[in-house]
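Asks: These protein sequences, in sequence, are chains H and Y.
Numbered per our numbering, the first sequence spans residues 10 to 277.
Numbered per our numbering, the second sequence spans residues 10 to 277.
Note that the Cβ used here is the ideal one computed from N, Cα and C, for glycine as well.
These numbers come from a predicted model, not from an experiment.
Number of protein chains: 2
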Amino acid sequence: MTYCVAIQVDQGLVFAADTRTSASFDDIRVHAKLHVFDFPGERCFVLMTSGNLGTTQAVVARLRRDLEDGVTPNLRSVADLNAAADYVGQLLVAAQAQIAASAQSEGVKVGATLILGGVVAGDPPGILLVYSLGNWIAASPETPYLQIGESKYGKPILDRIIRPHTTLEDAARCALVSIDSTIRSNVSVGLPIDLAILRAGEARIGERMRLDADTPLYAEIHDTWSRKLEAAVRSLPRFPWEPATAGAPLQQAAKTPTPADAQGAQQQ
Amino acid sequence: MTYCVAIQVDQGLVFAADTRTSASFDDIRVHAKLHVFDFPGERCFVLMTSGNLGTTQAVVARLRRDLEDGVTPNLRSVADLNAAADYVGQLLVAAQAQIAASAQSEGVKVGATLILGGVVAGDPPGILLVYSLGNWIAASPETPYLQIGESKYGKPILDRIIRPHTTLEDAARCALVSIDSTIRSNVSVGLPIDLAILRAGEARIGERMRLDADTPLYAEIHDTWSRKLEAAVRSLPRFPWEPATAGAPLQQAAKTPTPADAQGAQQQ
Chain H
10 MTYCVAIQVD QGLVFAADTR TSASFDDIRV HAKLHVFDFP GERCFVLMTS GNLGTTQAVV
70 ARLRRDLEDG VTPNLRSVAD LNAAADYVGQ LLVAAQAQIA ASAQSEGVKV GATLILGGVV
130 AGDPPGILLV YSLGNWIAAS PETPYLQIGE SKYGKPILDR IIRPHTTLED AARCALVSID
190 STIRSNVSVG LPIDLAILRA GEARIGERMR LDADTPLYAE IHDTWSRKLE AAVRSLPRFP
250 WEPATAGAPL QQAAKTPTPA DAQGAQQQ
Chain Y
10 MTYCVAIQVD QGLVFAADTR TSASFDDIRV HAKLHVFDFP GERCFVLMTS GNLGTTQAVV
70 ARLRRDLEDG VTPNLRSVAD LNAAADYVGQ LLVAAQAQIA ASAQSEGVKV GATLILGGVV
130 AGDPPGILLV YSLGNWIAAS PETPYLQIGE SKYGKPILDR IIRPHTTLED AARCALVSID
190 STIRSNVSVG LPIDLAILRA GEARIGERMR LDADTPLYAE IHDTWSRKLE AAVRSLPRFP
250 WEPATAGAPL QQAAKTPTPA DAQGAQQQ
């Protein structure tokens, strides 16, 4: 499996992807799923991939070959981000179709889903989710992030935090927490994490990092997030039967008999 | 869909369940999925249900009828919690089998999954997940919670927080946050939330609440949790290109040119 998330805020774009691929439980490998096509000052695209690795690597290889060969369309020739998504979608459909017949007989799933984001100088930046059919949807201020792969574990933190006015770095921290939560709850998603940031008004990748278990920033995020969450849970409102005093040792509350105890007797 | 979670900590058991059922997007209803069988001082069971509502209501109805009719086994006659799970599992298999043939032809899924927890006086309390085949697994100190239904959204907060030494009330707060996160990220899970607490050493339900949008406690949890999370995200480590000063307005960081900007030019 895979987990990739792209976030669009007023200050720019954040891309983050895990790197674990799994053909089965005993065939786990590390492959990059975040691919950068950067033509600084002119245009810049980030492609993140989920699904059949043969399919997605074929798409990425073809994108690079079209650029090298000067075949049009290519990522440098397309008019805008939407046209880039159309082009990527066509390559995706073609890559799937090439092996679909033999794959079906073998019971192999060849489908893939992509996130394409970036900017063409002069246009606003954007992020799009390209489906296996080649069609796509774009993020919007109401839905400022897109996910592919194992998306459920990391969705609540995005739903709570990400708004168009969220700063780019807070959005990036949120993306890292979203992936870290997914890694912790699901073995099919794993380190290292690839992170790329594109600032609004710039046609280039602004920052790029690979975070592994021994990267100080990631280790610190990983170690401190649980403590922050625990403190947040503890600071939530008391139940009616708990002492009202904020900050009182919670151990005291559990053994205090309250009128509510007696209600238990009336329930059956 | 459904989301139910049971947590076992040293201080006792927490049960929490949403109440939304959906036959389709245009057939959404409220049905209780948390059922209490309380014989105070003697024994106490909580059953939470996920899956086909006809199946789960048949199981609950049969459990109550067996108690009323004095048919054995029943929840009052079984020797211990494991025997209760065996009995509940048998009723579950029977309820599914009764309609399986006609259901298959109609394309209806009749399966259900249950969480049974509680205590028989003199035994330690426990929680078990009863599968549709009638078999079951128990929670343990290493895996101190069980979930049924739409479990992925609410799993990370449990993985981060719940340990055997977590207080009963913190575990209950965590369960509420886990369900609130799921409700926010998935429309198939909805309010109100049913909550039940059983304290270790007592053979009765200690506390029981139904929390809806206008319940002050729930409204406060719902409103403050996002703010707590946002503060937690903001307090995470700075990126290398951000000013090191903790608490500096984050807006300043995004526009500061740094050496890392230049690296973008080297990536393609």
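Can a CB atom of chain A be found closer than 8 Å to the CB of Y:V242?
Replies: The structure shown contains no chain A; its protein chains are H and Y.
Asks: Can you pull the chain H residues whose beta carbon is under 7 Å from the beta carbon of Y:D132, in chain order?
Replies: Within 7 Å Cβ-Cβ: nothing; Y:D132 doesn't reach chain H, min ~18 Å.
Asks: Can you list, in chain order, the residues of its chain with a C-beta nearer than 6 Å to that of Y:I108? Leave out the 5 residues immediately preceding and following it.
Replies: V119
Asks: Does the pairing of the segment 202-214 of chain H with the segment 44-63 of chain H give three or more beta-carbon distances under 8 Å?
Replies: Yes, they touch.
Asks: Take Y:A94 and list the residues in its own chain whose beta-carbon comes closer than 6 Å to its own, dropping the five residues that flank it on each side.
Replies: L125, L137, V139 and W145
Asks: Determine the chain Y residues that contact H:K164 at a beta-carbon separation under 7 Å, and present them in chain order.
Replies: Y162 and S194
Asks: The alpha helix (DSSP H) that contains Y:G63, what's its start and end?
Replies: L62 to D78
Asks: Specify, as a first and last residue, the run of the alpha helix (DSSP H) that H:Y140 falls within.
Replies: Per DSSP, H:Y140 belongs to no alpha helix (DSSP H) and is neither H nor E.
Asks: So, does the CB of Y:F248 fall closer than 8 Å to a CB anywhere in chain H?
Replies: yes
Asks: Which of helix, strand or coil does DSSP assign to H:R172?
Replies: coil
Asks: Please tell me whether Y:I170 has its Cβ less than 8 Å away from any Cβ of chain H.
Replies: yes
Asks: For the segment 29-48 of chain Y, which residues have a beta carbon sitting closer than 8 Å to at least one beta carbon of chain H?
Replies: Answer in chain order: V45, F46, D47 and F48.
Asks: Tell me the residue span of the beta strand (DSSP E) that contains Y:D47.
Replies: L43 to F48
Asks: Answer yes or no: do H:I157 and H:D189 have a C-beta to C-beta separation smaller than 8 Å?
Replies: no
Asks: Is it buried or exposed for Y:A32, if we count other Cβ within 10 angstroms and need 16 for buried?
Replies: exposed
Asks: So with Cβ pairs under 8 Å, would you call Y:L100 a contact of chain H?
Replies: no
Asks: In whole angstroms, give me the CA-to-CA distance for Y:T58 and Y:L200.
Replies: 16 Å
Asks: Does any residue of chain Y have a CB that is nearer than 8 Å to the CB of H:S149?
Replies: no
Asks: Check Y:G116 in the structure and name its three-state DSSP category.
Replies: coil
Asks: Quick one, which of H:V128, H:D19, H:G60 and H:Q20 has its alpha-carbon nearest H:D27's?
Replies: H:G60
Asks: Measure the alpha-carbon distance for H:G98 versus H:E216 and round it to whole angstroms.
Replies: Looking at the two C-alpha atoms, the distance is approximately 27 Å.
Asks: Would you say Y:E251 reaches chain H, if we count a Cβ-Cβ gap shorter than 8 Å as a contact?
Replies: yes
Asks: Just mark Y:P222 as buried or exposed, buried being the case when its beta carbon has 16 or more other beta carbons within 10 Å.
Replies: According to the sequence as given, residue 222 of chain Y is Ala; it is not Pro. Looking at its Cβ environment, which holds fewer than 16 other Cβ atoms inside 10 Å, Y:A222 is exposed.
Asks: Given that a residue counts as buried once 16 or more other Cβ atoms are within 10 Å of its Cβ, and exposed if not, what is H:F34?
Replies: exposed
Asks: Check whether chain H comes within 8 Å of Y:Y12, counting only Cβ atoms and requiring the distance to be less than that.
Replies: Interface criterion not met: the Cβ of Y:Y12 is under 8 Å from no Cβ in chain H.
Asks: Determine the DSSP secondary structure at Y:D179, reduced to helix, strand or coil.
Replies: helix
Asks: Among H:A106, H:N91 and H:G127, whose alpha-carbon lies nearest the alpha-carbon of H:V117?
Replies: Of all alpha-carbon atoms in H:A106, H:N91 and H:G127, the one lying nearest the alpha-carbon of H:V117 is that of H:A106.
Asks: Exposed or buried, which one is Y:T11 when buried takes at least 16 other CB atoms within 10 Å?
Replies: buried
Asks: Nearest to Y:Q20 by alpha carbon, out of Y:W234, Y:P150, Y:T81 and Y:E77?
Replies: Y:P150
Asks: Mark Y:G175 as exposed unless 16 or more other C-beta atoms lie within 10 angstroms of its C-beta, in which case mark it buried.
Replies: The sequence given here has Thr at residue 175 of chain Y, not Gly. Classification of Y:T175: buried, given that the 10 Å Cβ count is 16 or more.
Asks: In terms of residue numbering, what span does the alpha helix (DSSP H) encompassing Y:Y154 cover?
Replies: Note, Y:Y154: premise wrong, no alpha helix (DSSP H); beta strand (DSSP E) at Y154 to G158.
Asks: Using the three-state DSSP reduction, which class does H:A241 fall into: helix, strand or coil?
Replies: helix
Asks: With H, G and I counted as helix, E and B as strand and the rest as coil, what does DSSP make of H:E229?
Replies: helix
Asks: Which value, in whole angstroms, describes the spacing of the CA atoms of Y:D75 and H:T224?
Replies: Spanning the two alpha carbons is a distance of roughly 60 Å.
Asks: Using Cβ-Cβ distances below 8 Å, what residues of the segment 110-130 of chain Y are close to chain H?
Replies: none
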